Every structure is written in C-alpha cells, then in structure tokens.
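First to last, the sequence lines map onto chains E and H. To convert, note that position 11 of the first sequence is 9 in the working numbering; the numbers rise steadily by one, no gaps. To convert, note that position 105 of the second sequence is 103 in the working numbering; the numbers rise steadily by one, no gaps. Remarks on the structure that follows.
Number of protein chains: 2
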Amino acid sequence: MSETSGEAGGTPGERISDAEHAIMEVLWDRHPLSAAEVCDEVCETRGWSMPTVKTLLSRLVGKGALATEPAGRKFLYSPLIERSDYVGGESRRLVDRLFGGRAASLFAHLAESEALTDEDLGEIERLLKEMRK
Amino acid sequence: MSETSGEAGGTPGERISDAEHAIMEVLWDRHPLSAAEVCDEVCETRGWSMPTVKTLLSRLVGKGALATEPAGRKFLYSPLIERSDYVGGESRRLVDRLFGGRAASLFAHLAESEALTDEDLGEIERLLKEMRK
DNA sequence: TCGGTGTGTCTACAGGTGTAATCGGAGAGG
DNA sequence: CCTCTCCGATTACACCTGTAGACACACCGA
C-alpha cells in the first residue's frame, strides 16, 4: 500500500470510521469550526449530543485527521486530510475489494443494477469524451 | 436464541464484516464447501487458523448469509445471499455516503484520480454505447 | 475578585469485529 | 466395545466504534 507518511503522534492514514466521517464532512464543507459549531451542523440530523461530537473530534485529532488551532479560549478544528484523498481511498478500497481493482466492473455493476440515471449517463459520457481529447 | 422452526433467512440484511466477506468470496466462487475446504482457500492467504474460519462461518450462518447442509458427519456451507446483492449494496452505500448518491460523481472522481486505465475507459465506453441503444 | 458558562480531556460502557483455544459428541479403528 | 480423532459449537478476549457522563480549567461578566 502506498502509505505516504511515517508514524508517530498524529499519523495520518488512520482509519476514519463512519461517525467520524460525518464530522469530517462538516469540516470539509466549512472550516475552521469550533466544537459547538460542528455540533450545530450534525447534532440534530444525527441525533447526537455535544459529548459525542467532542469524542469524535478528539479521536479524529488523535488519528491525525484534524488540526486544532487555539482561538481565544476555544479550539478551532480544521481538516488535515483532503476530502478527495479520503474519498479516493475509500473508492479504491471498494473497487479493490469487490471488483478486483477493475473500476469498469463497478461501472458495469451500477449500470446493470440500474443505479445510473440518465443524468448520470449523460455526465459520464461527457466526462469520457473530455478525457479522450 | 430459541430457534423453534428451521428458519434461517429470518434476518437478512445483517451487516457482513470485512473478514466475513473474505469467507463469502470463497463460497461464491465455489460451493458447497466444508469448513476445512474454506480454510484451504483462505487460511494461508489471510494468515488465519482453522478456529477463526469456523467462527466466521458460524457468524455468517447466524446472520443468515450462509446455509448449512449436513453431509455425512460434517457440514457443507453455501451462500444464501447473492454476491451481486452484496456488491450492489456496498456500492450503493459508498456512492450514497461519499457522493451524495450521484454515481456520476464517483466516476468523475475515479477519472480525475487516474484510477481508470485505458482498458477501463474502453469498456465503459462500450457499455455506455450498449445501454444507449 | 468570584462565579458561571463554555471547552477540551478522561472515563465509561455496550455492541461489533478479528482471532483463537477449548469442549463435547459422532464416527473410525482396533 | 472402547478409545481416538475430527468437527461444529461454545467461550474468550482484546480492540474498535458509537454514544455519552463527569471533571478540570480558563475566561467573561458582575
């Protein structure tokens, strides 16, 4: 595996869990944010309480996925890893695990299971044309 | 725990974990197999021991993902759920979680991150053409 | 200066997962 | 018939995850 970093303290590359991912989404969308602000974004939708958010934030900091920046008496959190890196990693993991690394197989499967809308198809076609140039 | 009647598929949709998935792959490829045969297929590659395989098999049976069929004094295991169902579910989960349900976004991401080989592109193009018919 | 309010850290705990040792019963061999 | 062996089932245990309470401390306002 291409793990670009070494390890120690806040090593990036630690696995981000599902609940943690929800937190990351908020911070990818807008950052830096305080714990309270993050809670404002997710506590209602996910039914979480403040302590839960704080735990998740701490774990993410521990995993090296978030940076903390002292602002006044509180901390502001910002992502340390790129959303596209995470998304890419997860996508690749899925493709590897389920389709033997063949992205075309994933596509074929989505196509067969009619998970692709006309809109999807149109856009993919467009992208494809663009790449072929 | 009281299984009064022979009802095994009563809890479909139970989450299949990563290690369990490896077992499923073996059985999707070839079935029915005994525990020993499954172990032959995965124990070396994954560094598992027989007890581990048996535990995973039991859990899968418990989850309603495998059926057991007594053959002589041993049991033979067969998948109860289709590989395509599992794969489809996992794919959709990923697309939902990471791309807001838009499969085109997944494709775009794979394209951008150059995870698509020329071969992939060719095949996707072909599939696309076929669907458009 | 003193208390309240907000913030991060520590602790907790149930359920799932990875991994494996051990037990108990059903045949196989002597 | 008795023992050995093989196999599934049971039990074990550490770690991760989801969820949350309790605690300590710093600052703002009175």
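Beta carbons: idealized from backbone N, C-alpha and C, even for Gly. Here the structure is a predicted model, which is why all the values come from computation and not from measurement.
With the cut-off set at 8 Å, would you say residue i and residue j are in Cβ contact?
i                      : j                      : result
residue 89 of chain H  : residue 97 of chain H  : no
residue 101 of chain E : residue 101 of chain H : no
residue 122 of chain H : residue 126 of chain E : yes
Kindly indicate if chain E contains any beta-carbon less than 8 Å away from that of residue i.
i                      : result
residue 122 of chain H : yes
residue 13 of chain H  : no
residue 24 of chain H  : no
residue 133 of chain H : This structure leaves residue 133 of chain H out entirely; chain H is present only between -1 and 131.
residue 118 of chain H : yes
residue 17 of chain H  : no
residue 98 of chain H  : no
residue 109 of chain H : yes
By the DSSP assignment, the beta strand (DSSP E) with residue i in it spans what residues?
i                     : result
residue 72 of chain E : 72 to 77
residue 64 of chain H : 64 to 69
Tell me which residue opens and which closes the alpha helix (DSSP H) that residue i is part of.
i                      : result
residue 113 of chain H : Note, residue 113 of chain H: premise wrong, no alpha helix (DSSP H); not H, not E.
residue 30 of chain H  : Unbroken run through residue 30 of chain H: none, as it is neither H nor E.
residue 88 of chain E  : 81 to 97
residue 60 of chain E  : 48 to 60
Does the CB of residue i have a neighbour CB from chain H at under 8 Å?
i                      : result
residue 8 of chain E   : Its pLDDT being 45, under 50, residue 8 of chain E is placed unreliably in this model, and the value from its coordinates should be taken loosely. No, residue 8 of chain E lies away from the interface with chain H (no Cβ there is under 8 Å from its Cβ).
residue 104 of chain E : yes
residue 28 of chain E  : no
residue 78 of chain E  : no
residue 126 of chain E : yes
residue 114 of chain E : yes
residue 74 of chain E  : no
Inset, instruction - Taking only beta carbons into account, state which residues of the stretch 34 to 65 of chain H come closer than 9 Å to chain E, listed in chain order. - result: Here the close residues number zero.
Inset, instruction - Kindly confirm or deny that the stretch 49 to 57 of chain E and the stretch 104 to 114 of chain E touch, where touching means at least three C-beta pairs closer than 8 Å. - result: no
Inset, instruction - State whether the stretch 60 to 76 of chain E contacts the stretch 42 to 50 of chain E, with contact taken as three or more CB pairs (one from each stretch) at a distance under 8 Å. - result: no
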